[in-house]
Structure formats: C-alpha cells, structure tokens
Amino acid sequence: MFTPQKKRFCLVADSGEGDNLSSAFDKALLNAKVGNYNLIKITSIIPPKAIQTNKITLPVGSTLTIAYDSFTSKKQGEVISSVVAIGIPKNKKNQGIIVKTSGFQEKDTLVEQLKKELVESFNNRSLELEQILTKGIEHTVINCGSVFSGVALF
Amino acid sequence: MFTPQKKRFCLVADSGEGDNLSSAFDKALLNAKVGNYNLIKITSIIPPKAIQTNKITLPVGSTLTIAYDSFTSKKQGEVISSVVAIGIPKNKKNQGIIVKTSGFQEKDTLVEQLKKELVESFNNRSLELEQILTKGIEHTVINCGSVFSGVALF
Amino acid sequence: MFTPQKKRFCLVADSGEGDNLSSAFDKALLNAKVGNYNLIKITSIIPPKAIQTNKITLPVGSTLTIAYDSFTSKKQGEVISSVVAIGIPKNKKNQGIIVKTSGFQEKDTLVEQLKKELVESFNNRSLELEQILTKGIEHTVINCGSVFSGVALF
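Chains as they are written, first to last, in the working numbering: chain A, 4 to 157; chain B, 4 to 157; chain C, 4 to 157.
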C-alpha cells in the first residue's frame, strides 16, 4: 500500500500552435511548463492543508499527477479555451475540489460554468465554499491550436 | 523504480442524479464512496493474495488506483447500468482479473456479458477460474443520471 | 511528495484476435507481455539517463506506468497498426521523447509520421535529436483484431 497525500498544488494553463494536433498539444504543454513530465491524469481533490505554489520543481521526466483538460482544433479563426477552477473550503481541515472544462467558448463563459459546478460540488458534500481560484487560457486558432489547463499535485 | 503490489481490493458501484453531466458523475462517485479521492485509472489485475475489503480507509484527497467504468445520460426514463466483475483463480498464487462495462442495458445483461469475458480472459492465460465476484448498479434516469462501478486497489 | 524518476524503459508492441473487442485487446496486451500488469497511462518523457531493457521484470499485478496507444477493429481483412517511437537526444543529460499512434494504416506509414512528430518535438525543446527507436505491429483483422504499442517506464 502506498497512498501519499500530495502537499502542494499548482494551477497551469496555456496554448500552443503547430502543424498538426500532436505538435500543437505538445507546445501547449510546454508553454504551461508541464511538457517535460509524464502526466498521470487524476480526478479532482485538493488534499486538506495542501499549499498553493506557482512553480513545479520536479526533475525532468518525473511522473506528475495532474487533473487536466485540453482541447485542440484546426478551425482557423475560432476561439478555443480551457479553464480549471478550485473551490477552497472555509474549514481548512476539509478538501478542495477541482473542476475543469474546455471547448469552443470564451474563457469567461467557461469560468462562469465552473463556478456553478463548484457550488454544486460543495453542496453535494455539505461543505462551505470560501473562495474560488481559476486559471484559464483563451486562444484564437491560427493553423492548428491547442489549449490546456490543469492542477498539478505533487 | 517503485512498483508496489497493492494488498487490498474493494468493489464499488452506485448512481447519481444532477442538473448536468458533471454534477451527476460527482454524485455517483460520492455515493460509491470514492468521490473524495484522486482516482487514477488502471487496467485490470488483482495481485495474487490481495484481500477483499468492503471499505476504503485512505485519507481524503489521497490518490486511489482504481479500474472503473461509468456512463452518464440525459435520456429521461432510460435505464443505465455499470458493472464490474472479478474472476478469482483457483490457485491463489495467481492473479485475479477485472472486467467492467456500462451502458443503456439492464444490470443483469451486463453481468452475463462480463462473465463470458472472464471465461475468455482466464482461457487466454490458461488459468482455472474458481469464482466470480460482481458489483453493479442500475439506474433509471430522472433528469441527468450517472452510473459508476469500479475495483479500487490500495 | 513522491515523484521518483523511472530508471528503465521497454518498448512493446503486439496484436491479438478475439471474439469481441475486449478479448482481442486482452490478447494484444498479453502478447505484448503487459497483460498481467495494472497499466497506468502516462504521457511522453524518457527521463535522462534511463536505460533501455527488453524485458519487464515486475511481479504480476504490479502497477506499470506506460505511454501507449491501441486500436481495435471488427473490419475483417483490414490492416491495422500501432507504433511507438522514441527520440533519443544527443546530450544524454536531456530527456527522450515518446510519440505514438494507431489506426487503419500500414506500420511503415505510421513510423514515417512519428519520425516527423519527433523532429518537431525536439525543435519545440531546442534539443538535438540523435537517434530514433521504433516499435510497432501491423495486423490484418480476421474476426476482431487489436493492436497495441507502448513504452513502459519502471
């Protein structure tokens, strides 16, 4: 058995352009400063008392657990966005909740949607919501564009 | 290198209703008692000699490796189900096998399908199948419904 | 915090035939010698100084982090392929990059596509590409066929 609770979290979001979907996604990851880790997708909980940091300080090639969403499109001129949001509980002994979404919308539209989701998630758990952190990216596709947002836990 | 074998497994399954797909899925996870973990999706092996437990005893916010399947629908009045099954080998030195499925079917239909899959999986490995454990959930969609089933390893 | 860098990597690829998609995929995993692990999907980085090995020596039932792709089809007589490629950097202090793809193409077509992707990935990182390793499988569907390729890190 090995189930450590992560101690730190970091919100990331950025976009990338490339010749194809794979390259655009790779650039979005690099711009978001997670392109040289082995991402492991997780669901959506910030452990109690985890601390926010603005930098991921792991060695290149490390595995990185991260709740993330992304969207990639070749529709030139279209707006694409990706947003993550974290609900911080009033009682710091409780967990935070991560929600995320992406698509052909403006960033602000997605942020509003996620705020509603967080209110529901906190209601579902009978927790009191104190604060919402968001991080997102909006991008107008030039050739082939990708948007990425996530919350890394480490 | 770090590759621990998990020692315990726990079957879970439940459903949730919400205003939207995200909230319904969140409630299904909470009802299945895994909604406050960071789920990491795995494939399908029960390590030899792992022990079944009926409760997951990790701290909130822990990462939890789990083989799972889910299905979410807005088709009001439709039946949706999600089922996991584990094949237990006759020789306890061997591994168990997890299979899972979800969709617009009744639970019993999915259980029968999974039993056939387990027979094939055991044949593929030349192992003798002693017993099949199943856990599933069947739900009739009210507004927006979600079903979830899984086998957590920890 | 627990973020070990993996020390070894192993390329795998193989195919399987079955009565249904699930069984075909299971056989492909078994033929590729990863069918008795709990696969955890990762993205795409070979840690600096990791060593290639041709055998995965973990106990049955272990979790195995692996970048992989697969494709399964019931279109009898059709060719399906799955390929992974690794770009090895000239400077061994740098990371390697994994790319992968699958589909209704011949293996050689996918290999050429991945080579182009690696050139872009290395350009994106301003790294010098020394060598490309590839592993792939091509399969003509009989009844229900599956192809799988991956790079395991452990």
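Every residue gets a Cβ at the ideal spot worked out from N, C-alpha and C, and that includes glycine. Keep in mind that this is a model prediction, so the values were computed, not measured.
Discussion item. I want to verify the contact list: residues of chain B whose CB lies under 8 Å from the CB of I45/A, in sequence order.
Written reply: Going along chain B in sequence order, the residues near I45/A (Cβ under 8 Å) are N41, L42, I43 and T66.
Discussion item. Please classify K138/A as buried or exposed, where buried requires at least 16 other C-beta atoms within 10 Å of its C-beta.
Written reply: Buried.
Item to complete: Can you give me the Cβ contacts of L136/A inside the same chain, cut-off strictly under 6 Å, excluding the 5 residues immediately before and after it?
Response: Correct list, in chain order: I89.
Worksheet item: Should S124/A be labelled buried (16 or more other beta-carbon atoms within 10 Å of its own) or exposed?
Response: buried
Fill in: alpha helix (DSSP H) runs wholly inside the region 53 to 131 of chain C, at least 4 long, in chain order
Within the region 53 to 131 of chain C, the complete alpha helix (DSSP H) runs of at least 4 residues fall at 110 to 127.
Practice prompt. Show which residues of chain C have a CB atom less than 8 Å away from the CB atom of V154/B.
Written response: Residues of chain C with a Cβ closer than 8 Å to the Cβ of V154/B do not exist, since the nearest Cβ in that chain sits about 10 Å away.
Worksheet item: Do you know offhand how far K10/B's Cα is from P50/B's?
Response: 7 Å
Worksheet item: For V150/A, which residues does DSSP report across the bridge?
Response: Beta bridge pairing from DSSP links V150/A with S18/A and F74/A.
Practice prompt. With a cut-off of 8 Å on the beta carbons, I'd call F151/C and S76/C a contact; round off their distance for me.
Written response: With a contact defined as Cβ atoms closer than 8 Å, F151/C and S76/C miss out at about 13 Å.
Discussion item. Measuring only the C-alpha atoms, how far is N23/A from P92/B?
Written reply: N23/A and P92/B: Cα-Cα distance of roughly 46 Å.
Practice prompt. Anything in chain A within Cβ reach of Q98/C, meaning under 8 Å, just list it in chain order.
Written response: N39, V63 and G64
Worksheet entry | Proximal chain C residues relative to Q8/B, where beta-carbon distance stays under 8 Å | P62, G64 and S65
Worksheet item: Got a sec: is the Cβ-Cβ distance from V102/B to anything in chain C below 8 Å?
Response: yes
Worksheet entry | Classification of T104/A by the beta-carbon crowding that lies within 10 angstroms, buried from 16 upward | buried
Practice prompt. May I ask you to report which of helix, strand or coil DSSP gives K30/C?
Written response: Note: K30/C maps to helix in three-state DSSP.
Worksheet item: Exposed or buried, I169/C, counting other C-beta atoms within 10 Å across all chains shown (16 or more means buried)?
Response: Nothing about residue 169/C can be read from this structure; chain C reaches only from 4 to 157.
Discussion item. Let me confirm a value: N34/C is counted as buried when at least 16 other C-beta atoms fall within 10 Å, else exposed. Which label applies?
Written reply: buried
Worksheet item: Is the beta carbon of A155/B less than 8 Å from the beta carbon of I69/B?
Response: yes
Worksheet entry | Any chain C beta carbon closer than 8 Å to E131/B | no
Discussion item. For a contact defined as C-beta to C-beta under 8 Å, what are the partners of I49/B on chain C?
Written reply: G64
Worksheet item: Is the CB-CB distance between L67/B and I54/B below 8 Å?
Response: No.
Practice prompt. Name, please, each residue of chain C whose Cβ falls closer than 8 Å to the Cβ of N94/B.
Written response: Identification of chain C residues near N94/B by a Cβ-Cβ cut-off of 8 Å yields none; the smallest Cβ-Cβ distance measures about 12 Å.
Worksheet item: Just checking my contact of N41/A with I45/C at CB under 8 Å: how many whole Å lie between their CB atoms?
Response: 4 Å
Worksheet entry | Closer than 8 Å to chain B by CB, A120/A | One point to set straight first is that residue 120/A is Glu, not Ala, in the sequence displayed. Judged by the 8 Å Cβ criterion, E120/A is in contact with chain B.
Worksheet entry | Cβ of D111/A within 8 Å of any chain C Cβ | no
Discussion item. Can you check which of these residues, K96/C, L130/C, E131/C and V87/C, is closest to L113/C by C-alpha distance?
Written reply: V87/C
Fill in: Closest residue to A27/C among C147/C, G153/C and F157/C (Cα-Cα distance)
Answer by Cα proximity: C147/C.
Worksheet entry | Residue of N57/C, G99/C and F74/C minimising C-alpha distance to E131/C | Measuring from the Cα of E131/C, the nearest candidate turns out to be G99/C.
Discussion item. Does any residue of chain C have a CB that is nearer than 8 Å to the CB of K77/A?
Written reply: no
Discussion item. Out of F107/C, H142/C and V122/C, which one is the CA nearest neighbour of L19/C?
Written reply: A small fix is needed here, since residue 19/C is Gly in this sequence, not Leu. Measuring from the Cα of G19/C, the nearest candidate turns out to be H142/C.
Worksheet item: Quick one, are the C-beta atoms of S47/B and I101/B less than 8 Å apart?
Response: yes
Fill in: Under the three-state DSSP convention, the category M4/A falls into
At M4/A the pLDDT is 41, less than 50, meaning the model places this residue with poor confidence; the figure from the coordinates comes in the next sentence. DSSP places M4/A in coil when its eight states are reduced to three.
Fill in: Other residues of its chain near E109/B: CB distance less than 7 Å, five sequence neighbours each side excluded
V82, S84 and E141
Worksheet item: How far does the beta strand (DSSP E) with I43/B in it reach, from first residue to last?
Response: Start and end: N41 to K44.
Worksheet item: Would you say N3/C reaches chain A, if we count a Cβ-Cβ gap shorter than 8 Å as a contact?
Response: The structure shown has nothing for residue 3/C, since chain C only spans 4 to 157.
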